[in-house]
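Remarks on the structure that follows.
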Amino acid sequence: MPKKRSFNFKTLQGTSSSASKQSGGSNDSDKKSATVNERLGELRKLPEKDAAQKKRELAEAVSHQHRSVPPELRPILGVSESAPPKPKRGIRMRLPDRTPGPAAPKSWNKRPAWMPTSALRGGRKRVLKGRLADNGRTRPHQLLRFSRMTGLDPDAHKSPSSLFHLSLKTAAEEWALFDDEDLPALSELPLRIRLRLLSYLGFYGPPIGVSALEALTHGIEPVDQLDLAGLIGHGGLTLHRLVKLLKQQASKVVETAEVEEVAESWDQDDSFEAALTRQPSTSRFSQLTHLCLSHPPAGPAWQDLLSLSKQLPSITHLSLAYWPRPTLTPNLATTTVSSQHSPDVSAGGSHYYSAIDNDLSEPASILRQLSGSSLRLQWLDLEGCTEWVQALSYEHTEDNRLLQDAIDAPSWSTTPPVTTIFAHNWKNLQYLNFAQGWLPTVPAVQGLPKQTMPFRQRAVADAYLKHGDICLLSEAAGEDMYEVEKRRAEIWLQIEDKAVEAARRIAQTRRAHACRHIFIDHGWERRAV
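Numbering (the numbering used here), first residue to last: 520 to 1048.
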């Protein structure tokens, strides 16, 4: 009999496909976006270790998603305080003069540690510009040279190792960092320090302009000395602008005097005390007695020097070291005027070969005009001007009498320039410097052939060897250098012979007119003639 079989069927609830899809989608969405309560319920079912790990994972997930959590749940979930929201960007402000493109790196705007901290308003560019303009500039070979020679500063011969010297030296070397707005602050310094700074600028610093000179001499104190060695003619400080500055100061004094003369009432009279206590209105350069214009550029204007001497009649000490040959037309040396009925005539006062032909008519005329404007002169420095010092002792002859009469005034045409200069105008002159600025070595002078040497040059060589300095006894490095030194000594001797001859004529003129003796310094010998 067959075995009875029983079938057990599991009853399933009937569901449609759409419902299954919805349920499956809802489960996926619940898994994807579970609420906080559901997550807390899941954490309660897990063990403690798994719950702590789940909390950390949940906190990291929340922190990465940057979602806000209620403050009461933050300690439970271990979520840190959320950062405050960033402020909304306002209206974009356009910066003026902004360079297009991304901003420059910070390293470009940072200043290195070695750069001076006082560089303001583009000082670095002015330093580079000053260095470029300083090429080919002539400077004094010694600091405070004018003060040492005239004896104005008794401490000038001491060793410059003080703090005052270092301060002035640093200020002169970093002068390009000063701006025009900084110059008025210099007037707070004493006048003697500002005038000393001018000398340091000529030796250490760059060229300056008229504004810097006016700032360094500003004030009510009178300026009695002015050292412009290495500054005059360089940069913006020219002789023409200096003359213009002096004229402006004189005109300001006249204007202030006219304003003070106006009374408040027409019937008001000045009291006797007010008349006695009234101070005279004078320019601050009216008492200038010591002026140094040495080491100018290649072509200084002698016409401006003549105008300057008329503005400063109180000058007693003047330095014109290393000035070129006196001429009023330096640009017309090679220019001639041609005509069909006459030979060619030089357009200027001196032609190109005037120095070779020993034609000193124009230099003598200019020096005579200079002496007429500086009647109080007692001290004159002409170092490095030995090539034209013969113009001081120039005596015109019958051959060039017509040319001299055309240049000079009619009343002076019959008087030699040397007599007019040293017997009439500069009769109070006490010191005259004729040094060439350098000295040859003694072995080079000793090696010159004295047998073929003119008598006057031989006498100068003997006197030089007699008074020669011991430090000039250095031996030459070799035979070639010795020949070079001999050639230089020969040239020096030829020029020195002219200076000695000019000194002899000057001394002869002064003795003939019963003038006092004058000390003439040749650099190796100083004698009273």
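Even for Gly, the Cβ is constructed at its ideal location relative to N, Cα and C.
Query - Option nearest G724 by Cα separation, candidates L662, S833, A910 and L562 - result: L662
Point to revise | When P703, A866, N850 and L847 are compared against V856, the one with the closest alpha-carbon | key: Of the listed residues, the one whose Cα sits closest to V856 is A866.
Report the rounded CA-to-CA distance for I1037 versus A1026, giving the unit in angstroms. 8 Å
Inset, instruction - Counting only the same chain and skipping the five closest in sequence on each side, list residues whose C-beta sits under 8 Å from that of S637. - result: Reliability of the predicted coordinates at S637 is poor, the pLDDT of 42 falling under 50, and no value is obtained from them.
Query - Buried or exposed by the 16-neighbour rule on C-beta atoms within 10 Å, applied to R803 - result: Classification of R803: buried, given that the 10 Å Cβ count is 16 or more.
Quick check on DSSP: helix, strand or coil for T657? coil
* Inspect the beta-carbon positions of W907 and P882 and report whether they are closer than 8 Å. => yes
- Item | Y983 - DSSP class collapsed to helix/strand/coil | The three-state secondary structure of Y983, taken from DSSP, is helix.
| request: Apply the 10 Å Cβ neighbour rule to P624 and answer buried if 16 or more other Cβ atoms are within range, or exposed otherwise. | output: exposed
DSSP three-state call for I875: helix, strand or coil?
coil
Between the CA atoms of D569 and R593 - distance to the nearest angstrom = 19 Å
Pick out whichever of L951, I751 and E1044 has its Cα sitting closest to the Cα of A980.
E1044
For the ligand FMN, I want to know if L717 counts as a neighbour, meaning its beta carbon is within less than 7 Å of at least one of the ligand's heavy atoms. The ligand content of the structure shown is nil, which means the ligand FMN is not present either.
Requested in this report: Report, in whole angstroms, the separation of the C-beta atoms of V807 and D746, which I expect to be a contact under 8 Å.
Outcome: Here residue 807 is Leu; the residue named in the question, Val, does not match the sequence. About 11 Å separates the two Cβ atoms, so there is no contact after all.
Report, in whole angstroms, the separation of the C-beta atoms of L710 and G738, which I expect to be a contact under 8 Å. 6 Å
Exercise. Excluding sequence positions up to five away, which residues of its chain have a Cβ less than 6 Å from the Cβ of R1046?
Worked result: none
Which residues in the same chain have their Cβ closer than 8 Å to the Cβ of T657, if we skip the five residues on either side of it in sequence?
Here the set comprises G749, H814, P815, P816 and Y841.
Practice item. Evaluate N952 with the Cβ neighbour count: other Cβ atoms within 10 Å of its Cβ, from every protein chain shown; 16 or more gives buried, anything less gives exposed. Key: buried
- Which of helix, strand or coil does DSSP assign to I1039? If DSSP states are grouped into helix, strand and coil, I1039 belongs with the strands.
Quick one: Cα of K1063 to Cα of Y719, how far? Here the chain covers residues 520 to 1048 and nothing more, so residue 1063 does not appear.
*asked:* Considering only their Cβ atoms, is the gap separating L894 from N944 smaller than 8 Å?
replied: Remark: C-beta atoms of N944 and L894 approach each other more closely than 8 Å.
Exercise. Could you work out which residue in T960, T1028 and A1033 is closest to R1007 when comparing CA atoms only?
Key: T960
Review point. Since P837 is in the beta strand (DSSP E), which residue starts that stretch and which ends it?
Key: Reading the sequence as shown, one finds Leu at residue 837 and not Pro. Unbroken beta strand (DSSP E) run through L837: H836 to S838.
What residues are listed by DSSP as bridge partners for R1046? I1039
Can you give me the C-alpha to C-alpha distance between L705 and L756, rounded to a whole angstrom?
18 Å
*Taking Y719 as part of the alpha helix (DSSP H), name the residues at either end of that continuous run.*
L710 to F722
Taking the beta carbon of L901 as the centre, do at least 16 other beta carbons fall within 10 Å, making it buried, or is it exposed?
buried
Exposed or buried, which one is F683 when buried takes at least 16 other CB atoms within 10 Å? exposed
Note to self: Let me make sure I understand the geometry here. Which of C1034, V864 and L825 has the alpha-carbon closest to that of L948?
What the structure shows: C1034
According to DSSP, is L899 part of a helix, a strand, or is it coil? strand
Beta carbon of L967 nearer than 8 Å to that of K1017 = It is not a contact, given that the beta carbons lie outside the stated cut-off.
Practice item. For T938, collect the residues of the same chain with a Cβ closer than 8 Å to its Cβ; drop the 5 residues on either side in sequence, then sort them by chain order. Key: T1028 and H1032
*Check each candidate in Q897, C904, R1024 and Q965 and name the one with the smallest Cα separation from Y913.*
R1024
Margin query: For T855, list the residues DSSP reports as bridge partners.
Written below: S865
Note to self: Only counting the same chain, and skipping five residues up and downstream in sequence, which positions put a Cβ closer than 6 Å to that of A963?
What the structure shows: Cβ-Cβ distances below 6 Å link A963 to E1004, K1005 and A1008 in the same chain, with the five nearest sequence neighbours on each side left out; the list follows chain order.
S880 vs T846 beta-carbon contact at 8 Å:
no
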